[in-house]
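Reviewing the structure listed below.
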Amino acid sequence: MSTILSVRGLTKKFGGLTAVNNVDFNLPAGELHAIIGPNGAGKTTFFNLVSGFLPPSAGRVVFDGQDITGMPTHRISRLGMARTLQVKSVFNGLSVYDNVWIAAHSRHRFLHPLKSARTYGATADDAAQALAAVELTSRASELAGNLAYGDVALLEIAIAIAMKPKLLLLDEPVAGMSPEETRRTVRKIKELARSVNILLIEHDMETVFEIADRITVMTQGEVLCQGTAREIANDPRVQEAYLGVPEDD
Amino acid sequence: MPPTPPTATRDPLPFIAGLVAAIFLLVAPWLLPRFVPDFWVSIIAEMLIWGLFASSANLLLGYTGLLSFGQSLYFGFGAYGVAFAIHGFKLGVLPAFFIGVAAATAIAAVAGFFAVRLTWHYFAIITVVFSLIFYLIAVGWKTVTGGDDGMSFALPPLAQFGDIELTLLDATFQYYFILAIVAACFFLQWLLLRSPLGMAFKAVRENATRAGLIGFNPYLIRLISFILSGLLAGVAGALFALFSRYASAHYMYWTVSGEAVVWTIVGGTGTLFGPIVGAVVLTIMREELSTVWEHYLIVVGVIVILMVTFAPKGILGSIAAWRTARRVTPGGPAATGGKGTQE
Numbered sequence: 002m003s004t005i006l007s008v009r010g011l012t013k014k015f016g017g018l019t020a021v022n023n024v025d026f027n028l029p030a031g032e033l034h035a036i037i038g039p040n041g042a043g044k045t046t047f048f049n050l051v052s053g054f055l056p057p058s059a060g061r062v063v064f065d066g067q068d069i070t071g072m073p074t075h076r077i078s079r080l081g082m083a084r085t086l087q088v089k090s091v092f093n094g095l096s097v098y099d100n101v102w103i104a105a106h107s108r109h110r111f112l113h114p115l116k117s118a119r120t121y122g123a124t125a126d127d128a129a130q131a132l133a134a135v136e137l138t139s140r141a142s143e144l145a146g147n148l149a150y151g152d153v154a155l156l157e158i159a160i161a162i163a164m165k166p167k168l169l170l171l172d173e174p175v176a177g178m179s180p181e182e183t184r185r186t187v188r189k190i191k192e193l194a195r196s197v198n199i200l201l202i203e204h205d206m207e208t209v210f211e212i213a214d215r216i217t218v219m220t221q222g223e224v225l226c227q228g229t230a231r232e233i234a235n236d237p238r239v240q241e242a243y244l245g246v247p248e249d250d
Numbered sequence: 030m031p032p033t034p035p036t037a038t039r040d041p042l043p044f045i046a047g048l049v050a051a052i053f054l055l056v057a058p059w060l061l062p063r064f065v066p067d068f069w070v071s072i073i074a075e076m077l078i079w080g081l082f083a084s085s086a087n088l089l090l091g092y093t094g095l096l097s098f099g100q101s102l103y104f105g106f107g108a109y110g111v112a113f114a115i116h117g118f119k120l121g122v123l124p125a126f127f128i129g130v131a132a133a134t135a136i137a138a139v140a141g142f143f144a145v146r147l148t149w150h151y152f153a154i155i156t157v158v159f160s161l162i163f164y165l166i167a168v169g170w171k172t173v174t175g176g177d178d179g180m181s182f183a184l185p186p187l188a189q190f191g192d193i194e195l196t197l198l199d200a201t202f203q204y205y206f207i208l209a210i211v212a213a214c215f216f217l218q219w220l221l222l223r224s225p226l227g228m229a230f231k232a233v234r235e236n237a238t239r240a241g242l243i244g245f246n247p248y249l250i251r252l253i254s255f256i257l258s259g260l261l262a263g264v265a266g267a268l269f270a271l272f273s274r275y276a277s278a279h280y281m282y283w284t285v286s287g288e289a290v291v292w293t294i295v296g297g298t299g300t301l302f303g304p305i306v307g308a309v310v311l312t313i314m315r316e317e318l319s320t321v322w323e324h325y326l327i328v329v330g331v332i333v334i335l336m337v338t339f340a341p342k343g344i345l346g347s348i349a350a351w352r353t354a355r356r357v358t359p360g361g362p363a364a365t366g367g368k369g370t371q372e
């Protein structure tokens, strides 16, 4: 099995604080992988380093065989990495359809300044497919800013898959969702995982154990352990990281 | 799966309004002198130029999310380009026009290279600073630019066919010359705003972070928008120089840039024709009020403050929003998704 994402010695220091410390991480293609860990474990910083939001203090990131360390976000995105943000981020003032249309069209290197956007058949197909994949087709003409929270999160995922990425990074995809919205989103993520590599950060343990093939646990900027849901659930180090050291007499 | 872009229900009103405006503009030189003094034809030509100038601020503010207070710089370069070409190099009208536009576009590329790294107030400040630098140079270098007095030039004929001479000194021909170029600029903007590049402008306006995450370089998109905006302001400046037969440092001052922003906001930021509506309304108001009361700018200021506070979408934006809201039947979704005629 090939490796889609490979990270070596990745480190990020903010002044005296080491947010991510010498992390090695391999993501084999074809796997739905989750990163969990208590608050402040460095999960989102890790995502920010991988997706180019932050330059690392040390270490290398190799994506799909290409060294992307220090590349700007838009170039990494063009190589096939899509990402959602913890604070849901869509184009509020555009219609739902235009949100996915522009994402589907982003792989065109030349943006025609005079030809109507509606004449691009392949882009329109991809946009329609992405909307259908998250069941937002009926909302296509609404303004993204008018959607309910759960739908915004799904739209953000649709924007990501409209890019036809090789790797999809999801940052807390079900945070703040109602139980119903969570069920719907989890079902969608499972469906998507059949066609795209997914790496996600999540606080909700139930969700993580339900959908992840494998799990990485981070604490204090370092990788604590890796394994299947069962292995992680039974690992005493994980229990300690989350619940503290048991005070036996 | 077939491509299914949302089909907005065709709204006839903007089309009818546009048709009426177009017919009026086409027959104005024939129609107006029957009712009002002749100079109103020239006033309309001038308002078209200022509307085009305001639309350059709107391309940045309304479609790319950048507030520029420095559009006068590109207007001034357009005007001085024409003046130097005709006065200094004895060139014809059309070569001079293109030199003016090229000069404005070039300086916009230079200023934009630095400015688009910033957003919001920092961006606004750097655009002002750029225009002030060149304003001060133009004011100080009186021997070349004429400073605030400006440099006048004699207008050569545009073209000659045997005995027939086409010249902008003919008020009617000048009017149609200006109308044709302004109309062409708005037509190109209309094409641009529905094109993939226009969509990318709007994506950067709405969310630059997300635009970067789907693979667009926000700086490059902003720079392209900035240069195109400088080009439009340059066309307006070049037309204004041909119209008034002179160029002056006065038109490079930042208050001129400010007017472009005010006209845009009053007319409707992010609407294609808002800037022209704003320019027309406020110019007429100025013409009429200034004859009655010398402190007429106070009235204009109050109107702008009320507008920004209570109708921040401007005249066209508010009409569009009001009509969209009326179309939404209670309990049913908006047929046009709230976009209405605004785009």
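So the sequence lines, in the order shown, correspond to chains C and Y. Using my numbering, the first residue of the first sequence is number 2, and each one after it goes up by one. Using my numbering, the first residue of the second sequence is number 30, and each one after it goes up by one. Even for Gly, the Cβ is constructed at its ideal location relative to N, Cα and C. Quantities reported herein were computed from a predicted structural model and do not represent experimental measurements.
Using C-beta distances below 7 Å, list every residue in its chain close to residue i, excluding the 5 sequence neighbours before and after it, in chain order.
i        : result
Ile119/Y : The displayed chain sequence assigns Lys, not Ile, to residue 119/Y. No residues qualify anywhere along the chain.
Ile160/C : Val91, Asn100, Val101 and Ala104
Tyr243/C : Pro39
Tyr325/Y : Arg315, Leu318 and Ser319
Leu198/Y : Leu184
Against chain Y, with Cβ distances strictly below 8 Å, would residue i count as a contact?
i        : result
Asp236/C : no
Thr74/C  : yes
Phe47/C  : no
Asn22/C  : no
Ser196/C : no
Phe92/C  : yes
Ala104/C : yes
Asp65/C  : no
Pro114/C : yes
For a cutoff of 8 Å on Cβ pairs, would you count residue i as touching chain C?
i        : result
Leu221/Y : yes
Asn87/Y  : no
Ala262/Y : no
Lys342/Y : no
Ile327/Y : no
Ile294/Y : no
Leu58/Y  : Inspection of the sequence shows that residue 58/Y is occupied by Pro rather than by Leu. With 8 Å as the cut-off, Pro58/Y does not count as an interface residue toward chain C.
Arg239/Y : yes
So, is residue i buried or exposed, given that buried needs 16 or more other C-beta atoms within 10 angstroms?
i        : result
Trp170/Y : exposed
Gln189/Y : exposed
Gly369/Y : Here the model assigns Gly369/Y a pLDDT of 37, short of 50, so the residue's position is not dependable, and the following value carries that caveat. Buried, by the Cβ-count rule.
Phe5/Y   : No answer is possible for residue 5/Y: the residues shown for chain Y start at 30 and end at 372.
Pro180/C : exposed
Leu123/Y : exposed
Arg185/C : buried
Here's a check: name, in chain order, each residue in its chain whose Cβ is nearer than 8 Å to the Cβ of residue i, leaving out the five neighbours to either side.
i       : result
Ser96/C : Ala141, Ser142, Glu143, Leu144 and Ala145
Give the straight-line distance between the Cα atoms of residue i and residue j, rounded to the nearest whole angstrom.
i        : j        : result
Ser319/Y : Pro304/Y : 22 Å
Leu307/Y : Gly177/C : A small fix is needed here, since residue 307/Y is Gly in this sequence, not Leu. Cα-Cα distance, rounded: 44 Å.
Thr298/Y : Glu157/C : 27 Å
Val139/Y : Arg108/C : 28 Å
Met76/Y  : Val233/Y : 31 Å
Phe272/Y : Ile256/Y : 24 Å
Leu147/Y : Glu235/Y : 16 Å
Ile332/Y : Met314/Y : 11 Å
Leu184/Y : Arg274/Y : 7 Å
Ser224/Y : Phe245/Y : 15 Å
Leu225/C : Gly10/C  : 14 Å
Ser101/Y : Ser286/Y : 5 Å
Phe159/Y : Asn198/C : 48 Å
Thr358/Y : Ala200/Y : Note that Thr358/Y scores 49 on pLDDT, short of 50, meaning its location in the model is unreliable and no value can be drawn from it.
Gly129/Y : Gly105/Y : 9 Å
Phe27/C  : Thr229/C : Residue identity check: residue 27/C is Asn in the sequence provided, not Phe. Rounded to whole angstroms, Asn27/C to Thr229/C spans 15 Å at the Cα level.
Thr353/Y : Asp40/Y  : 10 Å
Ser188/C : His75/C  : The sequence shown places Arg at residue 188/C, not Ser. Approximately 29 Å, taken between the alpha carbons.
Met180/Y : Ile78/Y  : 20 Å
Once the 5 residues before and after residue i are set aside, which same chain residues still bring their CB inside 6 Å of it?
i        : result
Tyr98/C  : Ala141
Ala153/Y : Leu96 and Phe98
Gly259/Y : Tyr103, Ala133, Thr134 and Ala137
Quick check on DSSP: helix, strand or coil for residue i?
i        : result
Pro22/Y  : Outside the modelled stretch of chain Y, which goes from 30 to 372, sits residue 22/Y, for which no answer is possible.
Gln374/Y : Not covered by the structure: residue 374/Y. The range shown for chain Y is 30 to 372.
Phe54/C  : coil
Ala276/Y : strand
Ala176/C : coil
Arg84/C  : strand
Phe92/C  : coil
Asp40/Y  : coil
Confirm the yes/no value for this check: CB of residue i, any heavy atom of the ligand GDP, distance under 7 Å.
i        : result
Asp236/C : This structure does not include the ligand GDP; it has no bound ligands of any sort.
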